[in-house]
Ligand SMILES: Cc1cc2nc3c(=O)[nH]c(=O)nc-3n(C[C@H](O)[C@H](O)[C@H](O)COP(=O)(O)OP(=O)(O)OC[C@H]3O[C@@H](n4cnc5c(N)ncnc54)[C@H](O)[C@@H]3O)c2cc1C
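Residue numbers (my numbering): 50 to 435.
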């Protein structure tokens with residue numbers, strides 16, 4: 050093992066790398082360095098998120114990650130500093146398909162077992178949450194008042210600032226271009242400024258985690274996929290405290306962002322890419338789905354210059370890859386959150402600090418999330434994705 054340089058090197062200064070560094074430092078590990086290739090932290094996917102936080106998942110481990118994380122986000126200023134701007138306006142899931150409804154009712158039971166207060170709503174209840182919603186074909190809805198959205202940049206910078214105060218080094222403009230190994234151990238990384246030795250390497254490169262894994266000679270099944278967010282000008286057709294609302298069968302979602310509306314819908318046939326240009330041809334499909342469910346959208350004006358695209362970091366089962374790699378024991382993955390990395394960043398930080406400092410994550414069982422699941426053993430699969 051290297052005796053020079055940082056003992057723990059984290060590749061990627063997004064919300065996940067920042068949270069892990071902060072949690073390591075809170076546990077007393079100050080020999081921690083984040084290497085970020087951009088000129089400042091939190092400018093990757095973290096800066097391009099829809100910022101949603103929810104408990105309404107189908108996989109037990111995701112519910113647990115959310116419970117822990119959303120409690121932390123609610124107390125972020127006291128516990129970490131900075132601000133999370135958590136707004137618990139709820140998530141409202143509207144369902145029009147009997148088979149999907151049956152699955153959602155099963156998920157609500159699972160969520161209740163963990164104490165998540167998800168409510169089952171009658172279509173006629175929906176009007177009081179999102180006025181004007183078309184409900185003639187809606188079978189029912191689920192609503193959890195503890196869900197909502199936050200400020201991902203505020204959270205990431207809260208972790209960065211606290212980590213720095215505790216002695217963590219953050220080196221921006223520093224791309225990792227190679228990973229050095231001696232047999233089954235990582236010994237360091239190469240950067241344009243030279244080699245940096247390390248005892249532990251953590252891959253938090255978000256959508257680029259597969260590429261960083263390749264540098265280490267590993268196959269990490271995380272691929273980037275473009276996702277688009279469409280914004281409107283200020284619009285008073287929906288109340289300020291309206292929930293983050295999902296038309297589950299079409300996949301269309303909408304929430305308030307400031308005085309405007311934020312909308313999205315995943316294009317299912319788009320191949321993996323690193324494209325960051327907004328998909329304008331897709332907008333027509335998004336608006337058709339949105340207006341069909343929430344007709345008031347038709348009166349809002351698109352704010353073209355406020356729309357953006359970002360990259361989801363997607364795994365085959367839409368679950369993150371967490372933990373030490375069995376073939377390279379001083380290499381740790383924390384990536385592949387598949388669109389849930391903002392909401393799960395507090396738990397990821399806690400658990401990866403445990404994995405590194407205690408030998409194994411223990412507050413929440415992450416065995417379903419280890420990379421070994423892709424080698425035959427079946428793990429949980431998250432079906433509740435957008
Ligand atoms: C449109 C959209 C909507 C989303 N909505 C939600 C949502 O509602 N809720 C939610 O929880 N999540 C959401 N997400 C997902 C969320 O944004 C991500 O899961 C999260 O930001 C991942 O954080 P990260 O730190 O892993 O990745 P990133 O923020 O991308 O950070 C990775 C960093 O690694 C750096 N890097 C890469 N390669 C190298 C290298 N070789 N050397 C050095 N540095 C490197 C990059 O520059 C980058 O800064 C959304 C994402 C998008 C795009």
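Backbone N, C-alpha and C fix where the C-beta goes; we use that ideal spot for every residue, glycine too.
Predicted, not measured: the structure shown is a model, and the values here were computed from it.
Item, Value
"Local conformation of residue 393 per DSSP, three classes", "coil"
"Through-space distance from residue 180 to residue 300, alpha-carbon basis", "19 Å"
"Runs of beta strand (DSSP E) wholly within the stretch 190-221 (minimum 3 residues, chain order)", "218-220"
"Sequence-distant residues of its chain with Cβ nearer than 8 Å to residue 376 (five each side left out)", "233 and 267"
"Distance, residue 163 Cα to residue 244 Cα", "46 Å"
"Proximity of residue 359 and residue 97 at Cβ, strictly below 8 Å", "yes"
"Nearest candidate by alpha-carbon position, reference residue 272, set 322, 309, 264 and 241", "322"
"Contained beta strand (DSSP E) runs [length at least 3] in the stretch 226-255, N- to C-terminal order", "227-231, 234-240, 243-246 and 249-252"
"Validate contact between the stretch 205-224 and the stretch 252-262 using beta carbons, cut 8 Å, 3 pairs", "no"
"Backbone CA spacing between residue 161 and residue 191 [nearest angstrom]", "12 Å"
"Test item: CB-CB of residue 397 and residue 212 under 8 Å", "no"
"Residue 273 CB to nearest heavy atom of ligand 3 below 7 Å", "Ligand 3 is absent from the structure shown, which contains only ligand 1."
"DSSP state of residue 83 mapped onto helix, strand, coil", "strand"
"Where residue 374 falls: helix, strand or coil (DSSP)", "strand"
"Proximity below 8 Å, CB of residue 79 to CB of residue 205", "no"
"Under 8 Å between C-beta atoms of residue 198 and residue 352", "no"
"Min CB distance residue 404 to chain B below 8 Å", "Reference to chain B is not applicable here, since this structure consists of a single protein chain."
"C-beta atoms of residue 217 and residue 379 nearer than 8 Å", "no"
"Proximity test, residue 386 beta-carbon vs ligand 1 heavy atom, cut-off 7 Å", "yes"
"Extent of the continuous alpha helix (DSSP H) run through residue 65", "64-75"
"Residue 92 Cβ short of 7 Å to ligand 1 heavy atom set", "yes"
"Boundaries (first-last residue) of the alpha helix (DSSP H) holding residue 151", "147-162"
"Cβ shell of residue 394 (< 6 Å), same chain only, five flanking positions each side left out", "64, 65 and 68"
"Coarse secondary structure for residue 185, derived from DSSP in three states", "coil"
"Through-space distance from residue 384 to residue 363, alpha-carbon basis", "9 Å"
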